[in-house]
Structures are given as C-alpha cells and as structure tokens.
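Structure first, then comments.
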Amino acid sequence: MRKIKENREKMYRSRWTKIVSYMLVMVMAVSLFGQVAVNGAFDGTGKQAGTGVIAGLSQVEAASDTSIDYKAALKETSVAIEKKLTTYKVEVADETGGTSVVDWYGPANASIGGEWAVIGESRYGRKNVLWYRAYYENLVRVLQAAGEAQASADGTTTGGSAKTVPLKLDSRKGTENSRAILALTAMGIDASNVEGYDLTAALSDMTYVKKQGLNGPIWALIALDSGNYEIPQITSGKTTAQVSREKLLSYILSSELTDGGFNLTKSDSQGADPDVTAMALQAFAPYYTGRITVGTELQKQIREAVDRNIQVLSDMQKTSGAYSSYGSENAESTAQVLVALSSLGIDGRTDSRFVKNGKSVLDGLLYFYISSTGMFKHVDTEKSGNQMATEQSFYALVAYQRFQNKKATLYDMTDADKACVMDLTDCSVTISKTAYIYTGKTIRPAVTVTCKKLDGTTITLKKDTDYTVTYKNNKMPGKATVVVKGKGDYTGSVSRTITIAPTATVISSVTNTETGIRLKWKKTTDAEKYIIYRKAKNGSWKKYKSVKAANGCSFTDTKVTNGSKYAYKIRAYADGVYGAYSSIHTIYRVKQPALKVKKTGKGRLKCSWKKNTKANSYQIMYGTKASMQGAKTIAIKKAGTVKKTIAGLKAGKKYYVRIRSCKTVNKRKYYSSWSKTVNIRA
0 MRKIKENREK MYRSRWTKIV SYMLVMVMAV SLFGQVAVNG AFDGTGKQAG TGVIAGLSQV
60 EAASDTSIDY KAALKETSVA IEKKLTTYKV EVADETGGTS VVDWYGPANA SIGGEWAVIG
120 ESRYGRKNVL WYRAYYENLV RVLQAAGEAQ ASADGTTTGG SAKTVPLKLD SRKGTENSRA
180 ILALTAMGID ASNVEGYDLT AALSDMTYVK KQGLNGPIWA LIALDSGNYE IPQITSGKTT
240 AQVSREKLLS YILSSELTDG GFNLTKSDSQ GADPDVTAMA LQAFAPYYTG RITVGTELQK
300 QIREAVDRNI QVLSDMQKTS GAYSSYGSEN AESTAQVLVA LSSLGIDGRT DSRFVKNGKS
360 VLDGLLYFYI SSTGMFKHVD TEKSGNQMAT EQSFYALVAY QRFQNKKATL YDMTDADKAC
420 VMDLTDCSVT ISKTAYIYTG KTIRPAVTVT CKKLDGTTIT LKKDTDYTVT YKNNKMPGKA
480 TVVVKGKGDY TGSVSRTITI APTATVISSV TNTETGIRLK WKKTTDAEKY IIYRKAKNGS
540 WKKYKSVKAA NGCSFTDTKV TNGSKYAYKI RAYADGVYGA YSSIHTIYRV KQPALKVKKT
600 GKGRLKCSWK KNTKANSYQI MYGTKASMQG AKTIAIKKAG TVKKTIAGLK AGKKYYVRIR
660 SCKTVNKRKY YSSWSKTVNI RA
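Under numbering that gives the first Met the number 0, the letters of the sequence shown match residues 0 to 681, in that order.
Rendered as structure tokens:
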C-alpha cells in the first residue's frame, strides 16, 4: 500500500526548473493529474455551435444519503485553498547562477498551488482582482523567462513577436501550455496574446502535442475549446503536423482500448484507467452535447464512444461511490469522473448508473472531505489533507454546482468574467481616523479608496462617482459604521468600523467608610457602565468591578484589609468601546474605631477606644451640635493612646463626640471614617 501511495504521489509532485540564469523560471513537471481538466468548445471555424440534448441518459433519483452538504464543502475548501496560496514558495535563479527559494504572493505557474486552484476559484465565481493579478504577474515572469530561453535556443527574437514564435513552456509537455491557457481563460484573459506571447500556438503542432501520449491531445483539445480559440497555423516544420480539432478527436478516439476505456499507454493489458477515461470524456463533452459540431461521421463516433465509456465508468465505480487508481480508492480519480459526468449533463448524485450500494459519485468524493480543515484526503488512510486532492476535488464540486445551476460547464469558459472587473472588496479602503472621543457632534471621517488593476497600476477612486459613503451611529459613544458602496463601474460594498469613546471618567472622591473604601465619580454621557480597576498593595492592576450606569456613580469596596494600600482608576464603557482611564487615586484602608464616652465628673467626659494597630494617631471631635458645626478637635498623636479625658465642659450641657483613626504615610494623612457619634451630658 505504501509503495502504491508513493507512486501516486510521485505522479502528483511538481517542481520548478531553471530556464535562464538571470530570469525567473518555473516549468512544472506535470503528472497525469497535473494536466487534469479542461473543457470547452469550438467547431474549427471559430463559431460556437448550439446546445444539443443528451440522449440515452437515465436520470432517476438515487438512494443517496449525502451527509455532507457539497455547497458547504465548496465554500470551506475555497477558503482552505486560498490560505495555501497566500504565500507560495518558489525556486528562482539568483545572480550567482544558482537558485534560491523565495516567497511569492498568490498562485504560481504550477500544477499544485497554481493553475488548478485558479481555475477552480475562478469558475466558482471568485472575483478577487488582486488574487488574479498575483497569478497573472507570476505567470508573465515565467513566459518572459521561457521566451528568452526559447529565443536563445532558436536564434530568434521575442518580446512582442507573439504570433511568430509559438511559446512552449516545456520542450516536451504541451500540457504546461494547456494548463496555463485554461487558467488565463478562466480569468477572462486571451491566452493567444499574453504580454506578446501566444500560448495557443504551440498546440498547433501535432508532433509536439503527442509527445506526452494521450495526455497531450486530450488537454490540447480541452484548452483550445475552453475559449473557442482558433488554432494557429504552423509557421515552421512539417505542415502535415498541423493540428485541427478533427485530428485531435480522431487521435483520442483511436486510443480507446478494445474493451472500452482509456489509459496513458494505450495498452489493453493495463486496462482502463478511470482518470484518463474521464478526461477523454471531458474532451468529448462539447461535441457530445452539440455545443460544438464536426463532421457527421466523426460526431457519430464521438457519441458512440461516449456512450460506451459512460458504461465503462459505471462498471468501474466502487461500492463506496468512489473510484480507484493504482490500487487505491482516491479523491482525484473520483473527482475526474464527477467533472466528466457534469460536463456531459449527467447528475453525479442521482443518475442510477452511478449509484452503487446507495452511494453516488458525489458521495464517494465527499467521503474524502475533512470538514475541520476544508481539505480533501488523497486516500482514506491519510489523516491530513492533500493539496492536489483538495484542488481537484474542489473544481470537481464546482463543475457539479455549475451543472446544478444550469451554467456553462467547468471548461466552457466563454462565460468567464474579465479579471479586471472591480469589486470594492478587492480594493483598499482606508479611513482617515478610526478612533474618536465623544464631542456631542456627528463624526464623519474622510474615506480613500484605491484599487490595483490587472496591469499593476494603482488608481484612486472618486467619491460620488465610483462610490458613495454613508455613516451609521456616528454621534454617541460606541461603535460607528462607515459603509462604502460601489457605484458606476464598481460593485460591492465595504464596511469599516470607527470607535467613539466615552469621555474620560473623573473620580470625585475616594474615602474610608465604616464597611470599606467608597469611590464616587462624575457621570459620563451615554455610558452603559463603568469599569473599576484596582491595584492592591504592591500587586498589579486588575479589572475589579463593573457598575451599571443606571445604578449610579459610586461603589464601596468591602474586600479591603485594615492598613493596606489600594489604588483605583475608572473608565466608562459604551457599545464595546472604552473611554480613557481616570486619574489614579490611592488610599490606605483605615478602620474606624469604636468610641465609648462616660461622664467622670462635673464638666468632664472620658473617651476610650480600642487600639487600631495600623493607625499612627487619632482625632476626637466634640461639640454641642449634632451637625458638628463649631465643633473642636483634639489630636491624639501617640498610636498607643486609647483614652482621653475632655475637661472644662459646661456642666449639664449635652455634647456630641466622635473619633477617627489616622495613618500617615510619607507625610500624607489617611483617615478612617468617623465613628458613630455619642451624645452625652457633661
């Protein structure tokens, strides 16, 4: 099993090779699945044919229970693929004549992490201009390097002579050109003139196309049909090698095995391969459905071959719904069959010919899906996702979705949107300032929108011409929204959030009370709540208490220890936005003493209290009014003193007496709250 897997992976593995010493070069060593997928249509005259009706297809509802929603899988896999493409490592030539690995943003000219990802995402409907542009620029570098190398070898000149020098990305693998043609066409770009290079011209030479055996003609046909490309005339070599659609079709037809099906070697002894058989049907699809027409006899042969090989694929299907190649059921083989069926107008979920043991082709493919990552496994025994399996499975699901939505097939790219179409989500939207403090006035920050086009130029859009701006909740504290909506040639909308913070909270007092430390602060406009932060002793700041604005602007901290130091700061909160911190207020907890007073003689009162071990001194206040207006104060400076006699009082007069503790730190006095007032006659 391990050897089978290694052989399979070897077919998938791609690598970069150097073309010239000073230019960036990337030529992928394309495997069977490196060439995987194309479809399109052209009748050889440049005219698109009408759509026909698929005959002989039995469509019935199958006993299929797909536990995974393929649409959800599509969405998640699209995200997973894009993550892989954000930074792509490539090998480039350096000044020393060697190579080094560098990071590139976006897809590269590659079988894995390259064209198939671009094709899948483009046909899925992604319109990320910068993402397309990254691939386009990466590919252009490859074309320039390949063009220079080819010109040097041929003794010709390039750099604008696109139609005279057919550009080959690889001397033996025409599928390199085919794959790039498909990616470009999917983006709405003419592959026959890419910065002065023609990628279609190399496919006009049958000798070159057949160097890869059956793989070359299949993908040449799919690529040329994808955008209804005219086949250029050979400008050098034997004219008998001139490619035509009829010649490509005839070559593929002649490669069918005796018992039906196709493989790369055209050897009956090896039997039919599901991948190659499915690819051949993908190439035949536009002719089978009538989108492209050829001669009557050839058209008949195509229809008969497709009908035979639909049955071949049906017979090859496993009870899991999947397909096996090289001894293992795998996602890639299953994906190719689903693409073929979708291209032919056959439902890979409900057609009875492709439901085994209650499992459809779609079920078989989704069996390899890993919902936690959005990736697909190559084979069931793998624990993690495989990039090639993921990319192929993704565009297979795209093909099926397009079939379900009655859109053009995966490889009929005549409906492809232009890559330069601008959506504001692909642009840079900046706000002049994103954080404000409440002023009582509406806030309208300036907006700047810039976009990069496919050619790399940056443009600044005009307000009210290219976009409009609206503001929501942009006065009171909280989160405000700036909505930028496309206008004219620009579509979509982008939202940005700005914050309006409540004004800074002002602490009005921090005092000791009988039960703890009491904080008071001034009300802040439109605050939802106030957040109190406390630092105890020499500890760190901690979010300590949240007080709803409706509950007032005070709080008593009861979790305090006599003699300990505490620091407080407060800030307001509104709709997810915090205001600035108040100034810091520091206090020591000083517990109030309990006072006892008794008359010891005429005009004499004796005061006593329990010692506060954390206090340095005490204050006694006494007077003849309960309000303590005009009262006198006695300072007890010794911490150990616990009694004091007040003499010289007016006999028989009622007096009011109270006491408080005092702790002095660095010459600053911190008082406890006053004790309960004792009233007594002297």
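Where is the CB? At the ideal position from N, CA and C, for every residue including glycine.
If you're wondering where the values come from, they're calculated on a predicted model, not measured in any experiment.
Expected contact under 8 Å - CB spacing of residue i and residue j to nearest Å
i, j, result
"Tyr567", "Ala535", "Their Cβ separation, rounded to whole angstroms, is 10 Å, which puts Tyr567 and Ala535 out of contact at 8 Å."
"Leu364", "Ala321", "7 Å"
"Val338", "Gln281", "6 Å"
"Ser581", "Trp520", "7 Å"
"Gln211", "Lys172", "6 Å"
"Glu331", "Lys317", "Contact doesn't hold; Cβ gap of about 14 Å is too wide."
"Ile497", "Val481", "6 Å"
"Asn472", "Arg443", "With a Cβ gap of about 12 Å, Asn472 and Arg443 do not count as contacting."
"Ser319", "Lys358", "6 Å"
"Trp218", "Thr174", "5 Å"
"Ala271", "Leu256", "6 Å"
"Val576", "Ala500", "5 Å"
"Ala548", "Ala526", "5 Å"
"Val360", "Val378", "Actually they do not touch by this definition, with Cβ atoms about 17 Å apart."
Top-ranked residue by Cα proximity to residue i, from the options
i, options, result
"Lys542", "Lys624, Thr234 and Arg570", "Arg570"
"Asp68", "Thr612, Asp362 and Ile530", "Asp362"
"Gln618", "Ser507, Ser660 and Ile217", "Ser660"
"Tyr325", "Gln298, Gln149 and Leu263", "Leu263"
"Asp556", "Ala526, Gly602 and Val589", "Val589"
"Lys462", "Lys432, Val428, Ile436 and Leu198", "Val428"
"Ala201", "Tyr228, Asp414 and Tyr529", "Tyr228"
"Thr438", "Ala388, Thr523, Leu340 and Thr676", "Thr523"
"Gln403", "Leu340, Asn356 and Lys376", "Leu340"
"Tyr207", "Asp189, Gly187, Leu166 and Pro592", "Leu166"
"Cys450", "Asn473, Cys426 and Thr433", "Cys426"
"Leu73", "Gly270, Gln400 and Lys299", "Gln400"
"Gln310", "Val293, Thr292, Thr276 and Ser616", "Thr276"
"Lys512", "Ser494, Lys558, Tyr529 and Arg178", "Rather than Lys, the amino acid found at residue 512 in this sequence is Thr. Nearest C-alpha to Thr512: Lys558."
"Asp169", "Ala148, Ile531 and Met186", "Ala148"
"Pro285", "Glu296, Asn356 and Ile301", "Ile301"
"Tyr529", "Ser268, Tyr572 and Thr433", "Tyr572"
"Pro592", "Leu312, Ser671 and Thr95", "Ser671"
"Val305", "Val141, Thr663 and Phe283", "Phe283"
"Thr433", "Arg495, Ile251, Cys552 and Tyr410", "Arg495"
Spatial neighbours of residue i in its chain, beta-carbon cut-off 8 Å, leaving aside the 5 residues before and after
i, result
"Ile679", "Val596, Lys597, Lys598, Leu604, Lys653, Tyr654 and Val656"
"Gly639", "Lys610"
"Thr560", "Arg588"
"His584", "Ile506, Val509, Leu518, Ala566, Tyr567 and Lys568"
"Thr644", "Thr599, Arg603, Leu604, Lys605 and Cys606"
"Val641", "Ser607, Trp608, Lys609 and Lys610"
"Met0", "Annotation note: pLDDT 30 at Met0 (below 50); position unreliable, no value reported."
"Ser431", "Pro444, Ala445, Val446 and Thr447"
Residues near residue i by beta carbon distance below 6 Å, same chain, minus five either side
i, result
"Ala579", "Ala503"
"Asp574", "Gly477 and Lys478"
"Gln241", "Ile233"
"Arg307", "Gly259"
"Asp64", "Interpretation of Asp64 is limited by its pLDDT of 42, a score under 50 that renders its predicted location unreliable; no figure is taken from the coordinates."
"Thr632", "Gln618 and Met620"
"Leu181", "Val37, Ile118, Ala222 and Ser225"
"Val59", "Note that Val59 scores 33 on pLDDT, short of 50, meaning its location in the model is unreliable and no value can be drawn from it."
"Arg178", "Glu114"
Own chain partners of residue i with C-beta closer than 7 Å, once the 5 adjacent residues on each side are dropped
i, result
"Tyr466", "Leu423, Val448, Leu460, Val483, Lys484, Gly485, Lys486 and Tyr489"
"Thr372", "Ala79 and Gly384"
"Lys649", "Gly602 and Ala681"
"Lys762", "Summary: the structure shown does not reach residue 762, with the chain confined to residues 0 through 681, and so no result is reported for it."
"Ser254", "Leu213, Phe261 and Lys265"
"Ala334", "Leu364, Gln391, Ser392 and Ala395"
"Thr184", "Ala190, Ser225, Gly226, Met412 and Ala415"
"Thr199", "Ile180, Ala190, Ser191, Leu223, Tyr228 and Pro231"
Closer than 8 Å to chain B by CB, residue i
i, result
"Asp314", "You won't find chain B in this structure, because it holds only one protein chain."
### Task
Examine the Cβ distances between the region 76-86 and the region 342-353 and report whether three or more of them are shorter than 8 Å.
no
### Query
What are the complete alpha helix (DSSP H) segments, minimum 4 residues, inside the region 561-589?
Qualifying alpha helix (DSSP H) stretches: none in this window.
### Query
Just checking, does the region 111-122 make contact with the region 384-394 on the three C-beta pairs under 8 Å criterion?
By the C-beta criterion, the region 111-122 is judged to be in contact with the region 384-394, since at least 3 inter-stretch pairs fall below 8 Å.
### Query
Enumerated in chain order, which unbroken segments of the alpha helix (DSSP H) with a length of 4 residues or greater are wholly contained in the region 314-367?
330-343 and 360-365
### Query
What are the uninterrupted segments assigned as beta strand (DSSP E) that are 3 or more residues long and contained completely in the region 408-448, given in chain order?
427-430 and 434-436
### Query
What runs of the beta strand (DSSP E), each 3 residues or longer, lie entirely inside the region 492-524?
492-500, 506-511 and 516-520
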